[in-house]
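The opening position of the sequence shown corresponds to residue 1 in full-length UniProt numbering, with each subsequent residue numbered one higher.
Just so it is clear, CB atoms sit at the ideal spot from N, CA and C, and this is done for glycine as well.
As the structure is a computational prediction, the values presented were derived from the model and not from experiment.
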Amino acid sequence: MKQHISSVSRTCYFQLRRIATIRKYLTTDATAKLVTSTILSRLDYCNSLLAGLPSSSISRLQRIQNSSARLVLRKKKRDHITPLLNQLHWLPVPARITYKINTLTYKCLHGLAPAYLSDSLSLCPFTSTQIICRLPQAQHPPHQTQNSRSTLIFFPST
């Protein structure tokens, strides 16, 4: 995953520098569309695989998004980033990852996803204390702990 994040970072910063050279000729809307199509699309590509990574890895991608927002809105590095992201209606990178996982799960459960995804997720009856879902064991063997109990590696909160 480090190689993937490094590659995405390198490509995105290269594109940001190229956009910055022509920024003075672009409107805010045109710049936002350009950044969305070239930068944010790269951040969103396969980002569901980044779930559960340490925050140090995710923060590298967040810095790219922050730089993109500052470029679009012509703000300085010292300006707070949260109002800028809100103004552009952009979710932070960790929220984008969770949103992608939740969207894929919804599509799988409602028959809107491809068969290879829908078949790997099954809806289980609700028990009084928890929801138990099982993935096919051939693809995802359970991980054993010291007490010989299976554990779930990652399950995003909704």
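Extent of the continuous alpha helix (DSSP H) to which residue 37 belongs
The residue labelled residue 37 in the question sits at position 37 within the sequence shown. Looking at the DSSP string, residue 37 is not in any alpha helix (DSSP H), and its letter there is neither H nor E.
Does DSSP put residue 24 in a helix, in a strand, or in coil?
For the purposes of this step, residue 24 is taken as the residue at position 24 of the sequence shown. In the structure shown, residue 24 sits in a helix (DSSP, three-state: H, G or I).
Using a 10 Å radius around the Cβ and a threshold of 16 neighbouring Cβ atoms, would you call residue 97 buried or exposed?
As a position in the sequence shown, residue 97 is number 97, starting the count at 1. Its Cβ being crowded by 16 or more others within 10 Å, residue 97 is buried.
What residue ranges within the stretch 59 to 97 form continuous alpha helix (DSSP H) runs of no fewer than 4 residues, ordered along the chain?
82 to 88
Through-space distance from residue 123 to residue 135, alpha-carbon basis:
For the purposes of this step, residue 135 is identified with residue 135 of the sequence shown, where counting begins at 1. For the purposes of this step, residue 123 is identified with residue 123 of the sequence shown, where counting begins at 1. Residue confidence for residue 135 is low, a pLDDT of 49 falling below 50, so the modelled location carries little weight and cannot support an answer.
Among 42, 75, 94, 19, which has the Cα closest to the Cα of residue 52?
Reading the sequence shown from its first residue, position 52 is the one you call residue 52. For the residues 42, 75, 94, 19, the minimum Cα distance to residue 52 belongs to 94.
Assuming residue 34 and residue 58 make a contact with CB atoms under 8 Å, what is their CB distance in whole Å?
For the purposes of this step, residue 34 is taken as residue 34 along the sequence shown, with counting starting at 1. For the purposes of this step, residue 58 is taken as residue 58 along the sequence shown, with counting starting at 1. The Cβ separation is near 24 Å, so there is no contact.
So, does the stretch 38 to 46 touch the stretch 60 to 71, judging by three or more C-beta pairs under 8 Å?
yes
Under the rule that 16 or more other beta-carbon atoms within 10 Å means buried, what is residue 101, buried or exposed?
Working through the sequence shown from its first residue, we reach residue 101 at position 101. Per the 10 Å Cβ criterion, buried.
By how many angstroms is the C-alpha of residue 118 removed from the C-alpha of residue 161?
One cannot answer for residue 161 here, as it falls past the ends of the chain, which runs 1 to 158.
CA-CA distance, residue 213 and residue 66?
Given a span of 1 to 158 for the chain in the structure shown, any question on residue 213 remains unanswerable.
Contact defined as beta carbons within less than 8 Å: I believe residue 88 pairs with residue 99. What is the distance between those atoms, to the nearest angstrom?
In the sequence shown, residue 88 corresponds to position 88, counting from 1. In the sequence shown, residue 99 corresponds to position 99, counting from 1. Not quite, the Cβ-Cβ distance comes to about 16 Å (not below 8 Å), so this is no contact.
Classification of residue 31 by the beta-carbon crowding that lies within 10 angstroms, buried from 16 upward
In the sequence shown, the residue the question calls residue 31 occupies position 31. When all chains shown are included, residue 31 counts as buried.
Quick check on the burial criterion: 16 or more other C-beta atoms within 10 angstroms. Buried or exposed for residue 108?
Mapped onto the sequence shown, residue 108 falls at position 108. That one is buried.
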